[in-house]
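Number of protein chains: 2
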Amino acid sequence: MWVPGGRRVLEPVGVLPQAAWRLDAEPEIAPDEVRVRVERLNLDAASFRQLREAHGDRVRDEVLRIVAARGKMHNPVTGSGGMLIGVVEEVGPEATLRVRPGDRIATLVSLTLTPLRLADGLARWDGRSEQVPCDGHAILHGRTVAAVLPDDLDPRLALAVLDVCGAPALTARVVARYSRPTVAVLGGSGKSGSLSLVAAKGAGAVRTVAVCPDEAEAARVRGLADEVVVADARDPAAVAGRVRADVTVVCVDVPGCEHAAILATADGGTVIFFSMATSFSAAALGAEGLAADVTLLIGNGYLPGHAEMALGLVRATPGLRELFAARLRADCAS
Amino acid sequence: MWVPGGRRVLEPVGVLPQAAWRLDAEPEIAPDEVRVRVERLNLDAASFRQLREAHGDRVRDEVLRIVAARGKMHNPVTGSGGMLIGVVEEVGPEATLRVRPGDRIATLVSLTLTPLRLADGLARWDGRSEQVPCDGHAILHGRTVAAVLPDDLDPRLALAVLDVCGAPALTARVVARYSRPTVAVLGGSGKSGSLSLVAAKGAGAVRTVAVCPDEAEAARVRGLADEVVVADARDPAAVAGRVRADVTVVCVDVPGCEHAAILATADGGTVIFFSMATSFSAAALGAEGLAADVTLLIGNGYLPGHAEMALGLVRATPGLRELFAARLRADCAS
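Chains A and B, in that order, give the protein sequences.
For the first sequence, UniProt numbering gives the first residue as 1, with consecutive numbering after it.
For the second sequence, UniProt numbering gives the first residue as 1, with consecutive numbering after it.
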């Protein structure tokens, strides 16, 4: 049976590209592939945090080492990647991806499954931001999801929105199943968190609650949530003492938030885990141990129409757009 | 705020017992607690497999070391535990758990959150079975779920059923949401897998498919599934080439089955992950990378009525009861 992207898997043989240890990033494309000239990587927040903490100022060397060794930017510690923007360079005659040479696109699938080779030694990256300017190439295939970048938004803003566009789409779908639910978002002042808050309101949430780690973060999200609570999302007692939700969305990129989310969710409710720092066993056993009849969802990054929905929310919500713009300014200044 | 079992957490302070590195297993109980004289542990399959592979014949020493160090049987590698049976020894005056001294019970919450102390050095365990005869004590609290063992079933059989009783309950709930679905179970010949197959049929599955690693396993489950497929659940092409399901249930206790499950599931379908060997990021990024619009569920081990439902399925299905009995005989003989 044909496996999407399977041709590029070098080892172990037979797995999908995301599960592979090493991909083939040769620039020559097969008839159904597309080659992209890469301009910028947007590292996954959990991955960037781990790399910074483990490697400090040598983070650039580590990213180069990973990409050279694996043929993709797949952090072996966090298991996560990120996404990229670039310009379509060559489209194979049998490619089903709807792009043309010259299109500036963002990939909406993870870097963990995208063949990538870097050509510039990341000379323009100072290692202090998740956004990594670079030169190199990447290979896409028919089941890759890519969005042509809109003309009306700063490409870096669009990239940051598209990176997390699965979160608002799935949040809206889940919220719409409940009648007048309360929705809590742990990490509500972040990118996926703030988008999820706005999406929840649009999908019928009667009340939205943003949980933030400190007053500075709380200030960012006021106006986008009905209520803002300052609490450590890793502290079940602190969170559940102040928040009771039908749908709880976890967007905090640090480990250990599973139990607070479960304890804050009413029986019959749903927890959606978008953080790549989520522990499967902590979530499963935590709910069991609390005798909590809650649905636990792994945040699938793909839903049909997710990119357009997220960009639409940012266009329609000045506060959201300003939050993203401020985060980008902070990234560049830090 | 009160945190269930929080009093027994020694480090780190403030987390729930399951997240704790170390619990206090002192035998003296608080007014709302229950002390159980432990007769037998049933180690989680993924945990037992890891311990056997890593420690071989010294597995007994390793279990003793873990319980002494952590105050609970919480495998630090797999993050999983198991469950226990024992006899209620003392019930605090404010305990809400409905048990009386002398009741023989099974805990339906994980050993990863149950304070435990062993008193016999596991002298009666040969280290070759997940079922560990022992003497010691454990502490339960009001939000622990425990079932009084039924009189009509061998206690070891009942324990094996109760250990995985969350799987058939959640499978049935999900299957009932679809109209005439096909349901595939990866690892269909195992304990949680076979129960899930029978539960799926009872909940309206028009067709059930068991995926097994070899002919010997396939033979165990014939009669309990409409179709039996021999394929490696870690091989996406092998599985998705032969199985197409609306609901896919993952009960294989080895890592690397996420992508096969996702690829075998139709758009709009659901994958339920019960295996503790599941990788959160492999599941989330795999679905994104395949542009698969499937719901990904973390198998919560608790649903109201799950114990009674699973025991009822075993009582009503001779083939299921025989499969469990054969597994117990094999465990004892190996």
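Here a beta-carbon is modelled for each residue, glycine too, at the ideal position from N, C-alpha and C.
Note that this is a predicted model, so its numbers are computed, not measured.
My output table needs one value for T317 of chain B: the three-state DSSP class, helix, strand or coil.
Looking at T317 of chain B - three-state DSSP - the assignment turns out to be coil, as it is neither helix nor strand.
Is the CB-CB distance between L162 of chain B and A147 of chain B below 8 Å?
yes
Count the other CB atoms within 10 Å of the CB of S334 of chain B; is the residue buried (16 or more) or exposed (fewer)?
With a pLDDT of 47 at S334 of chain B, under the threshold of 50, the modelled position of that residue is not reliable, and the figure given next carries that caveat. With fewer than 16 other Cβ atoms within 10 Å, it is exposed.
S334 of chain A in three-state terms, based on DSSP:
At S334 of chain A, the pLDDT of 47 sits below 50, so the modelled position is not reliable; the number obtained from the coordinates is stated separately. Reduced to three states, the DSSP call for S334 of chain A is coil.
Looking at C-alpha atoms only, which residue of A:S179, A:P101 and A:M83 is the closest neighbour of G204 of chain A?
A:S179
From V109 of chain B to P101 of chain A, what distance separates their C-alpha atoms?
Distance from the CA atom of V109 of chain B to the CA atom of P101 of chain A, rounded to whole angstroms, is 56 Å.
Alpha helix (DSSP H) containing E217 of chain A: first to last residue?
E215 to V221
Between T96 of chain B and chain A, is any beta-carbon pair separated by less than 8 Å?
no
For T96 of chain B, is the classification buried or exposed, using 16 other Cβ atoms within 10 angstroms of its Cβ as the cut-off for buried?
exposed
Would you tell me roughly how many angstroms separate the C-alpha atoms of S275 of chain B and A261 of chain A, rounded to the nearest one?
21 Å
Pick from A:M73, A:I272 and A:E217: whose alpha carbon is nearest that of I298 of chain B?
Taking only the C-alpha atoms, the option nearest I298 of chain B is A:I272.
Mark R234 of chain A as exposed unless 16 or more other C-beta atoms lie within 10 angstroms of its C-beta, in which case mark it buried.
buried
Tell me residue 343 of chain B's beta-bridge partners as DSSP assigns them.
Within the shown structure, residues of chain B are numbered from 1 to 334, placing residue 343 of chain B beyond reach of any answer.
How long is the line joining the alpha carbons of F48 of chain B and V77 of chain B, rounded to whole angstroms?
Taken atom to atom, the span from the alpha-carbon of F48 of chain B to that of V77 of chain B is near 11 Å.
Run down chain B in chain order and give the residues with a C-beta less than 9 Å from the C-beta of T248 of chain A.
Per Cβ cutoff of 9 Å: no residues; T248 of chain A is ~13 Å from chain B at best.
Which residues in the same chain have their Cβ closer than 7 Å to the Cβ of E33 of chain B, if we skip the five residues on either side of it in sequence?
G92, A95, I139, L140 and H141
Is there a Cβ from chain A that is less than 8 Å from the Cβ of N42 of chain B?
Not closer than 8 Å to any Cβ of chain A, the Cβ of N42 of chain B fails to qualify, so no.
Buried versus exposed, by CB contacts within 10 Å (16 or more), R58 of chain B:
exposed
Same chain, Cβ closer than 6 Å to G5 of chain B, neighbours up to 5 away in sequence not counted:
P17 and H141
Can you look up D246 of chain A in the DSSP assignment and give me helix, strand or coil?
strand
Residues of chain A with CB closer than 8 Å to the CB of Q18 of chain B, please, in chain order.
H259, A282, L285, G286 and G289
Excluding the 5 residues flanking P31 of chain B on each side, which residues of the same chain have their C-beta closer than 7 Å to its C-beta?
G92, P93 and E94
Considering Cα atoms alone, identify which of A:A287, A:G289 and A:L303 is closest to L288 of chain B.
According to the sequence displayed, residue 288 of chain B carries Glu and not Leu. Looking at the Cα atoms, A:L303 is the closest of the given residues.
With a threshold of 7 Å on Cβ separation, who are the neighbours of W21 of chain B within its own chain once the five nearest residues in sequence on each side are excluded?
E11, P12 and R70
Touching or not, the stretch 308-328 of chain B and the stretch 319-333 of chain A, by the rule of three or more beta carbon pairs under 8 Å?
no
Find the nearest neighbour of G256 of chain A within the set A:K201, A:V239, A:G82 and A:G202, judged by alpha-carbon distance.
A:V239
Quick check on DSSP: helix, strand or coil for A291 of chain B?
coil
For N42 of chain B, list the residues DSSP reports as bridge partners.
B:M83 and B:Q131
Closest to E90 of chain B by C-alpha separation, out of B:R7, B:E322 and B:V99, would be which residue?
Minimum Cα distance to E90 of chain B is reached at B:V99.
Where in the stretch 248-278 of chain A do unbroken runs of the alpha helix (DSSP H), each at least 4 residues long, occur, reported from the N-terminal end onward?
258-263
Which runs of the alpha helix (DSSP H), 4 residues or longer, sit entirely within the stretch 144-178 of chain A?
155-163 and 166-175
Y302 of chain B versus chain A: which residues are under 7 Å apart at the beta carbon?
A287, E288, A291, A292 and D293, listed in chain order.
Assess contact between the stretch 181-193 of chain B and the stretch 244-258 of chain B, defined as three or more Cβ pairs (one per stretch) separated by less than 8 Å. Is contact present?
The stretch 181-193 of chain B vs the stretch 244-258 of chain B: in contact.
Expressed to the nearest angstrom, what Euclidean distance is found between the alpha-carbon atoms of E308 of chain A and A169 of chain A?
If I take the Cα positions, the gap works out to 10 Å.
Where does A227 of chain A fall in DSSP's three states?
Reading the sequence as shown, one finds Glu at residue 227 of chain A and not Ala. Here E227 of chain A sits in strand by DSSP.
Continuous beta strand (DSSP E) assignments of at least 3 residues falling wholly in the stretch 93-121 of chain A
Whole beta strand (DSSP E) segments, 3+ residues: 104-107 and 116-118.
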